[in-house]
Amino acid sequence: LKRYAIIRIAHLLGGNENDVKVGTFVGYNHELGVQDSGFQKNLDLLAQVFSRIVGYAEDMGVTVLYENCPMEGWMPATTPTTYNNLPATLAARKLMYTLIPSMAHGETYDPSHDAWQGVNPSEVLMASDMGRVHRIHIKGTRNLNNNARLHWGSLYPMQAVDPKLAERAGVPTCQHEWDRHHYEPMMPGFGGSDSIDWRAFTMTARELGYAGPLVMENEATNSKGTGNMGATMQGFKAGVFCLAPMVWTLGNDGYQFSGQQRPLADAATKDVPLVTMKNLGA
Numbered sequence: 231l232k233r234y235a236i237i238r239i240a241h242l243l244g245g246n247e248n249d250v251k252v253g254t255f256v257g258y259n260h261e262l263g264v265q266d267s268g269f270q271k272n273l274d275l276l277a278q279v280f281s282r283i284v285g286y287a288e289d290m291g292v293t294v295l296y297e298n299c300p301m302e303g304w305m306p307a308t309t310p311t312t313y314n315n316l317p318a319t320l321a322a323r324k325l326m327y328t329l330i331p332s333m334a335h336g337e338t339y340d341p342s343h344d345a346w347q348g349v350n351p352s353e354v355l356m357a358s359d360m361g362r363v364h365r366i367h368i369k370g371t372r373n374l375n376n377n378a379r380l381h382w383g384s385l386y387p388m389q390a391v392d393p394k395l396a397e398r399a400g401v402p403t404c405q406h407e408w409d410r411h412h413y414e415p416m417m418p419g420f421g422g423s424d425s426i427d428w429r430a431f432t433m434t435a436r437e438l439g440y441a442g443p444l445v446m447e448n449e450a451t452n453s454k455g456t457g458n459m460g461a462t463m464q465g466f467k468a469g470v471f472c473l474a475p476m477v478w479t480l481g482n483d484g485y486q487f488s489g490q491q492r493p494l495a496d497a498a499t500k501d502v503p504l505v506t507m508k509n510l511g512a
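Positions 231 to 512 (our numbering) are the ones given, in order, by the sequence shown.
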């Protein structure tokens, strides 16, 4: 119901004409996932549920966007897996778009989620259908070569075990549900370098024709993670200054945003009723 309500609101704000998109996550059904062909069963479930959602969005002139975050902290730290959002990989997204060919769904691409998995974000863009990429997050990540990675490796998440047993064995364990892999969220240019080549990434996006928003998402440990508003704002400012020479033109006062934006179209003047899955024959 919430998804349909938000799609309706996006339509009333002008939808695709005004570049008003609806962001969402898909989730992952682990009861199906542990079965034989569990990933395929999740794809089939997606087609069953989201074909109606995407169809409604298409009728409303709206595009639904998925973020490529696995949402590793969505489940308790005691669960064995951290794959909690179906479109977390390029393969999954390509399969999703093949199952539901409508262009009324696409993605918000966040390079940090691929970087901590050891995947080059620039190569992901080059292998993507850029007609599906409507937003790009600016969020860095620094891969940690720490004791936890040494003990648990990079392929699987850290597991929560008996703390006393782990202490006796000299084995590091995760401290909370988001501490399952070995990386530090950062903002570009704030507090050191991270594991993304931002110059190569922004150049690749531009060469592939991306002209959409670059959305700054500050989850940096040394910025927003401190809970200090001053440090939070410093992280945002550092990100702007770091990327300015890569994405803005040089003017009299340095690198500046051009300020050129297409005028907004008139929003829908006719109200539309709210619908649910039941209305669409689910």
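All residues carry an ideal CB built from backbone N, CA and C; glycine is no exception.
Distance between Leu504 and Cys472 (C-alpha atoms, nearest Å): 43 Å
Status (buried if at least 16 other CB within 10 Å, exposed otherwise) for Tyr386: exposed
Those residues which DSSP pairs with Leu316 across a bridge: DSSP output for Leu316 lists no bridge partner at all.
Ala435 versus Ser352 - alpha carbon distance: 8 Å
Reduced DSSP category for Ile368 - H, G, I as helix; E, B as strand; rest coil: strand
First through last residue of the beta strand (DSSP E) which encompasses Pro486: Per the sequence presented here, residue 486 reads as Gln, with Pro not at that position. 484 to 486 is the extent of the beta strand (DSSP E) around Gln486.
Residue environment, Leu355, which counts as buried when at least 16 other CB atoms sit within 10 Å: buried
Where His411 sits in the DSSP three-state scheme: coil
Residue(s) in a DSSP beta bridge with Thr308: DSSP, once it has assigned bridges, lists no residue as partnering Thr308.
Residues sharing a beta bridge with Leu444, DSSP: Ile366
Which residues DSSP lists as bridging Gly335, in chain order: For the sequence presented, residue 335 should be read as His rather than Gly. Beta-bridge pairing links His335 to Val294.
Sub-7 Å separation of Ala240 and Val292 beta-carbons: yes
Run of the beta strand (DSSP E) containing Gly253, from where it starts to where it stops: 252 to 254
Glu337 to Val294 span [Cα, whole Å]: 8 Å
Residue of Arg282, Asn248, Ile368, Ile366 minimising C-alpha distance to Ala495: Asn248
CA-to-CA distance, Gly268 to Leu320, given in whole angstroms: 18 Å
Other residues of its chain near Asp344: CB distance less than 6 Å, five sequence neighbours each side excluded: Pro351, Val354
Euclidean distance between Cα positions of Pro341 and Val264: 28 Å
Straight-line Cα distance separating Leu243 from Val279: 25 Å
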